[in-house]
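K.L.:
Take this structure first; my questions come after.
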Amino acid sequence: MNPERAEATSETEHQGGPKPVPYTYHDGREDYLHVGRQEGAPDDQPEAIVPRFDATPTPAPEAALPPEATALPPEATAMPPGVTPEAAEAARSPATPTALPPEATALPPEAAPLPPEAPPRAAAQPPREAARMREIVTRGLRTGAVMTAATMCTMMAASTLKRGSPWASMNAMATAVGLGGRRASDRFDPVVTPAGIAVLAGGLLVWGIGYEKALDATRQRSSALTGALSAVGGFLLDELVLPDRLMKNFRDKMGVLGTLSKYVALGVASAAAPR
């Protein structure tokens with residue numbers, strides 16, 4: 223019990239006033255009710271119950287409405303016929319934007335522009351194969367020129383020793399294309415001799431290109447073995463592919479040893495071909 227209230231009760235009892243009776247309100251507040259006659263009241267006056275109020279009364283709590291008062295009637299919440307619960311839920315919920323899939327916004331590859339720093343490869347640099355072929359041809363021409371010089375000097379020296387004329391071997395070379403007849407002349411001929419020189423030079427330039435192409439395809443470098451193979455290949459070409467009169471005129475104008483020296487010079491030039 224509150225001491226202040228106990229003191230107030232004692233003073234009231236000594237004064238002979240109404241008696242305080244403890245009372246608890248419906249909201250939980252406690253207080254005293256004074257029961258008895260007030261002083262100066264007539265004898266026939268009934269006893270009065272005078273509540274004692276605090277100086278700071280507790281405010282009454284707000285009355286909450288029962289659930290029945292806030293609930294909507296069934297008619298207001300019923301769904302119309304033909305509407306599914308999912309559709310009704312979607313209608314009540316706010317619409318949220320949906321993101322488009324990447325396929326709907328991506329441009330096709332052919333419509334995407336090339337970046338400025340990435341030009342087409344064909345415009346930026348020549349194809350690798352074309353550059354590689356040009357390099358092979360360049361090396362082949364150099365090798366063919368070396369073959370031509372070595373072989374021509376050897377043939378002219380051999381025919382000089384055999385026939386006393388350096389042009390005899392060149393005239394024999396012209397018989398490969400049908401010039402000079404079946405038996406080549408030993409003297410210089412303004413038509414046959416230059417034709418023989420051109421046939422020898424042109425054939426060895428083409429041979430040099432083929433030789434370098436073979437080295438590139440097999441990833442080999444010029445060596446004694448590749449030179450020997452080149453010499454054997456030249457001999458087989460003259461013996462088996464070109465007309466028979468060519469080898470007959472070679473042996474007639476240069477001799478057997480001179481003819482063999484021609485292919486030895488070809489092999490040495492092939493093995494020593496510049497890279």
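Count the sequence shown with the working numbering and you get residues 223 to 497, in order.
Just so you know, even glycine gets a beta-carbon here, dropped at the ideal spot from N, CA and C.
In this structure, what does DSSP give as the bridge partners for residue 413?
P.N.:
Per DSSP, none; premise fails for residue 413.
K.L.:
Once you ignore the five residues that flank residue 410 on each side, which residues in its own chain have a CB closer than 7 Å to its CB?
P.N.:
389
K.L.:
Quick check: the segment 478-489 against the segment 394-407, are at least 3 beta-carbon pairs closer than 8 Å?
P.N.:
Counting Cβ pairs under 8 Å, fewer than three are found: no touch.
K.L.:
At a cut of 8 Å, does the segment 370-385 reach the segment 434-451 through at least three beta carbon pairs?
P.N.:
no
K.L.:
Kindly indicate which residue of 250, 455 and 244 has the alpha-carbon position closest to the one of residue 492.
P.N.:
Considering only 250, 455 and 244, the residue with the shortest C-alpha distance to residue 492 is 455.
K.L.:
Taking DSSP as the reference, what is the three-state secondary structure of residue 247?
P.N.:
coil
K.L.:
Which one of 248, 495 and 349 has the shortest CA to CA distance from residue 429?
P.N.:
495
K.L.:
Are residue 459 and residue 370 touching if we call contact CB-CB under 7 Å?
P.N.:
Result no, Cβ atoms of residue 459 and residue 370 do not sit closer than 7 Å.
K.L.:
Run through the DSSP bridge pairs and tell me what residue 252 is partnered with.
P.N.:
Beta-bridge pairing links residue 252 to 246.
K.L.:
Under a three-way DSSP split, which group does residue 452 fall into?
P.N.:
Residue 452 falls in the helix class under three-state DSSP.
K.L.:
Apart from the five residues on each side of it in sequence, which residues of its chain come closer than 6 Å, Cβ to Cβ, to residue 397?
P.N.:
Cβ neighbours of residue 397 beyond the five flanking positions: 406, 467, 468 and 471.
K.L.:
Please classify residue 446 as buried or exposed, where buried requires at least 16 other C-beta atoms within 10 Å of its C-beta.
P.N.:
exposed
K.L.:
With residue 480 as the anchor, note down where its alpha helix (DSSP H) starts and where it stops.
P.N.:
Looking at the DSSP string, the run of the alpha helix (DSSP H) that includes residue 480 is 466-493.
K.L.:
Rounding to the nearest angstrom, what Cα-Cα distance links residue 244 and residue 251 in this structure?
P.N.:
11 Å
K.L.:
Would you give the residue range spanned by the alpha helix (DSSP H) that residue 370 belongs to?
P.N.:
350-385
K.L.:
Name the two residues that bound the continuous alpha helix (DSSP H) containing residue 391.
P.N.:
389-396
K.L.:
Could you compute how far the alpha carbon of residue 415 sits from the alpha carbon of residue 349?
P.N.:
43 Å
K.L.:
For residue 394 and residue 353, what's the separation of their Cα atoms in angstroms?
P.N.:
39 Å
K.L.:
For residue 421, tell me which candidate among 379, 464, 362 and 444 has the shortest Cα-Cα distance.
P.N.:
Taking only the C-alpha atoms, the option nearest residue 421 is 464.
K.L.:
Could you compute how far the alpha carbon of residue 367 sits from the alpha carbon of residue 424?
P.N.:
9 Å
K.L.:
Exposed or buried, what is residue 357 when buried is set at 16 or more other beta-carbons lying within 10 Å of its beta-carbon?
P.N.:
Residue 357 should be labelled exposed.
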